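Visitor: Below you'll find the structure I mean.
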């Protein structure tokens, strides 16, 4: 485990056992007595407004006149028609109950931190007054562009300066759409020299990972594909070595991209990121030329060809994405947004 040494002024950390079967029923035994003992000025919770944990803390907060702020990644519209369309009629009762409970929790929660545009729209529609969109800030001391480190890891991968390295960072699971990337690369395998870098993380039964491997073999792309394994620190070096990162995620009834942490980290390392329009990905990169309609292999193929064949275009986009990441997506940018909300709530006391 990687961690920073404690310094004077750090907040107290109190380990508590997490109980409950899922995020909506989780709770910490002993939390309420501990809150009563320390009497905080504000409570920040990484928990959805509709959850046992938020309910219990909100009861305490209302009694003690303490503001409470929750953080959620929820980006699913719980309306009846949207539920039927995405998940089927059997999901309507559960989703309807969550929607009703959100209307109830509006008067018990003072602020909601969200991480994507869909969440911002949804929670404002419930009537929450202070809904603030924040980034899931990346560590700029780990993820940054560096030519020396780039050259070092490209040599490690035995890449010459003319080879364009396309990469996918993340788990090999079907919703992430890696098969679409393989299809697109197969169709342009005779274009300029490129290689593909794949994260070796996958689902427990490895079913999809085997499908990807079979697809690579069927398309005779084995000699163009590298697999890697790295911790959170070293993965930054593989990002720096890459030219193009692709996030071809696909929305399903159970999955919709809530953020895209690997994409913002790759942006900070100088990669040009092509993303599908699933969930928050398009808002993360903020450049429409880098977004393709999810599931559309031809669009993805076209964007790959343009970037692989035009180094100056890649450089221009890389610089834009580095700047965007530095300004809007760092942990410092996240802290500033949270602090702004806290100061606003303190004025309202």
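Residue numbers (our numbering): 10 to 358. Yeah, the Cβ is synthetic: ideal placement off N, Cα and C, and Gly gets one too. All of these numbers come straight from a predicted model, not from anything done at the bench.
Which residues bound the beta strand (DSSP E) around residue 142?
Guide: Walking along the chain shown from the start, residue 142 turns up at place 133. Residue 142 -> beta strand (DSSP E) spans 140 to 142.
Visitor: Should residue 256 and residue 284 be called a contact, given that it needs their Cβ atoms to be closer than 9 Å?
Guide: By one-based count along the chain shown, residue 256 stands at place 247. By one-based count along the chain shown, residue 284 stands at place 275. The answer is yes: Cβ separation under 9 Å.
Visitor: In this structure, how does DSSP classify residue 202 when only helix, strand and coil are distinguished?
Guide: Position 193 of the chain shown, counted from the first residue, corresponds to residue 202. If DSSP states are grouped into helix, strand and coil, residue 202 belongs with coil.
Visitor: In the DSSP assignment, find the beta strand (DSSP E) that holds residue 166 and state where it starts and stops.
Guide: If you number the chain shown from 1, residue 166 lands on position 157. Residue 166 -> no beta strand (DSSP E), and no H or E assigned at all.
Visitor: Which of the three DSSP states, helix, strand or coil, is assigned to residue 338?
Guide: If you number the chain shown from 1, residue 338 lands on position 329. Three-state result, residue 338: coil.
Visitor: Taking residue 202 as the reference, which of 307, 353 and 319 has the closest Cα?
Guide: Counting from 1 along the chain shown, the entry for residue 202 is found at position 193. Nearest option by C-alpha distance: 319.
Visitor: So the candidates are 159, 217 and 54; which of them puts its Cα closest to the Cα of residue 243?
Guide: One-based indexing of the chain shown puts residue 243 at position 234. Selected option, being the one with the closest Cα: 159.
Visitor: Would DSSP call residue 79 helix, strand or coil?
Guide: In the chain shown, counting from the first residue as 1, residue 79 sits at position 70. Residue state, collapsed to three classes: strand.
Visitor: Do you know whose CA, among 246, 197 and 238, lies nearest residue 228's CA?
Guide: The residue given as residue 228 occupies position 219 in the chain shown. The shortest C-alpha separation from residue 228 is found at 197.
Visitor: Using beta-carbon positions only, say whether residue 49 and residue 121 come within less than 9 Å of one another.
Guide: Your numbering for residue 49 matches position 40 in the chain shown. Your numbering for residue 121 matches position 112 in the chain shown. Against a cut-off of 9 Å, the Cβ pair of residue 121 and residue 49 comes out as no contact.
Visitor: Please state if the CB of residue 112 and the CB of residue 136 are separated by a distance shorter than 9 Å.
Guide: The residue you call residue 136 lines up with position 127 of the chain shown. The residue you call residue 112 lines up with position 103 of the chain shown. Their beta carbons are under 9 Å apart, which means residue 136 touches residue 112 by this criterion.
Visitor: Quick one, are the C-beta atoms of residue 347 and residue 53 less than 9 Å apart?
Guide: Here residue 347 refers to the residue found at position 338 when the chain shown is read from its first residue. Here residue 53 refers to the residue found at position 44 when the chain shown is read from its first residue. Yes; because the gap between Cβ atoms is below 9 Å, this pair is in contact.
Visitor: Taking DSSP as the reference, what is the three-state secondary structure of residue 197?
Guide: Here the question's residue 197 lines up with position 188 in the chain shown. In the structure shown, residue 197 sits in coil (DSSP, three-state: anything other than H, G, I, E or B).
Visitor: Any idea if residue 236 is buried or exposed, counting beta-carbon neighbours within 10 angstroms, 16 or more meaning buried?
Guide: Stepping through the chain shown from its first residue, residue 236 is reached at position 227. The residue in question, residue 236, is exposed, as its Cβ has fewer than 16 Cβ neighbours within 10 Å.
Visitor: Which value, in whole angstroms, describes the spacing of the CA atoms of residue 193 and residue 352?
Guide: Translated into positions along the chain shown, residue 193 becomes position 184. Translated into positions along the chain shown, residue 352 becomes position 343. Cα-Cα distance, rounded: 49 Å.
Visitor: Identify, in the order they occur along the chain, each residue of the same chain with its Cβ nearer than 7 Å to the Cβ of residue 250, setting aside the five sequence neighbours on each side.
Guide: Residue numbering aside, residue 250 sits at position 241 when the chain shown is read from its first letter. Excluding sequence neighbours, residue 250 sits near 159, 162, 163, 166 and 174.
Visitor: What did DSSP end up calling residue 208 once you bin it into helix, strand or coil?
Guide: Here residue 208 refers to the residue found at position 199 when the chain shown is read from its first residue. Strand at residue 208.
Visitor: With three or more beta-carbon pairs closer than 8 Å as the criterion, would you say the region 171 to 185 touches the region 302 to 309?
Guide: Output reads no: the region 302 to 309 does not touch the region 171 to 185.
Visitor: By a C-beta neighbour count over all protein chains shown, 10 Å radius and 16 as the cutoff for buried, is residue 20 buried or exposed?
Guide: The count along the chain shown starts at 1 and reaches residue 20 at position 11. Exposed, by the Cβ-count rule.
Visitor: Could you compute how far the alpha carbon of residue 126 sits from the alpha carbon of residue 99?
Guide: For the purposes of this step, residue 126 is taken as the residue at position 117 of the chain shown. For the purposes of this step, residue 99 is taken as the residue at position 90 of the chain shown. Going from the Cα of residue 126 to the Cα of residue 99 covers about 27 Å.
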